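A short write-up of the structure that comes next.
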Amino acid sequence: MALTFDDGPGPMTERILDILAAHGARATFFVLGRNVAEAPWTQPPGDAARARALVERMVRGGHVVGNHTFSHAKPDRWLELGDDVGRCDAVLAELGVAAAPVRLPYGIRLPERTVRTEIGTTRAAALDPRVAVLASLGRTHVHWTSDFDDWTLAPGDGPALAARMLQHVEEMASLGLDAVLDLHDGGTGSGFGYTRMATADALDPFLAEIVRRGYGMFVVPREEAKPT
87 MALTFDDGPG PMTERILDIL AAHGARATFF VLGRNVAEAP WTQPPGDAAR ARALVERMVR
147 GGHVVGNHTF SHAKPDRWLE LGDDVGRCDA VLAELGVAAA PVRLPYGIRL PERTVRTEIG
207 TTRAAALDPR VAVLASLGRT HVHWTSDFDD WTLAPGDGPA LAARMLQHVE EMASLGLDAV
267 LDLHDGGTGS GFGYTRMATA DALDPFLAEI VRRGYGMFVV PREEAKPT
């Protein structure tokens, strides 16, 4: 299984890095350029040095640092995606991170549109136009096998979240598939704020149980095997 975290850095990122280090685990952090360059989540807001230090710690810890765009714009602003990815690339490049993998805000969506048929019109799902934008940039989207909506959880929901994460890993294993878990170590400044207490609380018991059950871990994107 693989752990991924979106929307960071944030108030819980340092604790999450501590827990990962204690278990010898690596993860992929899809960071928001705004949360690094402007650091609105810090107290007082704007401590960019603290945010940059967290990204540098991710790199030192062997984690993969990904691009979650600069502003976390909604899918209907797809024409702005290229610039938004580029702005985040620039922030990460200043920290020595190049060719970062991309995860689209909100993941890949299938918007509906009206199409004409021989007998009238109908509603049909269309491919997320941001996929084409990424293709034009020579980039791909790194998805997940489950998103746990941990950004909506209350501080006391950690144990329940850990149980749901374990259940998902087991369900994927029963299908002969690996699990890629989508969690959040920060926020976008919406009504849910930036703190992800339940996520941090779930991580330690989850990793302990993963080890006990003998599951292996990898990071996404998977490291390509070198040719012999």
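FYI, in my numbering the residues of the sequence shown are 87 to 314. Cβ atoms here follow ideal geometry from the backbone N, Cα and C, with glycine treated the same way. These numbers come from a predicted model, not from an experiment.
Where residue i sits in the DSSP three-state scheme
i    : result
L247 : helix
H154 : coil
R202 : strand
A88  : strand
V188 : strand
L267 : strand
D233 : strand
Under 8 Å between C-beta atoms of residue i and residue j
i    : j    : result
F189 : H227 : The question names Phe, but residue 189 is Arg in the sequence shown. Going by C-beta atoms, R189 is nearer than 8 Å to H227.
D236 : R282 : yes
V122 : R138 : yes
N153 : L181 : no
R112 : V305 : yes
A159 : D175 : no
A134 : E142 : no
T90  : W230 : yes
I105 : L289 : yes
F234 : R216 : no
M303 : A107 : no
Exposure of residue i, with buried meaning 16 or more beta-carbon neighbours within 10 Å
i    : result
L167 : buried
R163 : exposed
L165 : exposed
I205 : exposed
P130 : exposed
A294 : exposed
A284 : buried
L239 : buried
T114 : buried
P97  : buried
P245 : exposed
G119 : buried
Interface flag, residue i vs chain D, CB-CB below 8 Å
i    : result
A179 : The structure shown contains no chain D; it is built from a single protein chain.
Just checking, does the region 265–274 make contact with the region 210–226 on the three C-beta pairs under 8 Å criterion? No contact exists between the region 265–274 and the region 210–226.
So, does the region 270–286 touch the region 249–256, judging by three or more C-beta pairs under 8 Å? no
Start-end ranges of the beta strand (DSSP E) lying completely within the region 94–158, minimum 3 residues: 114–117, 150–153
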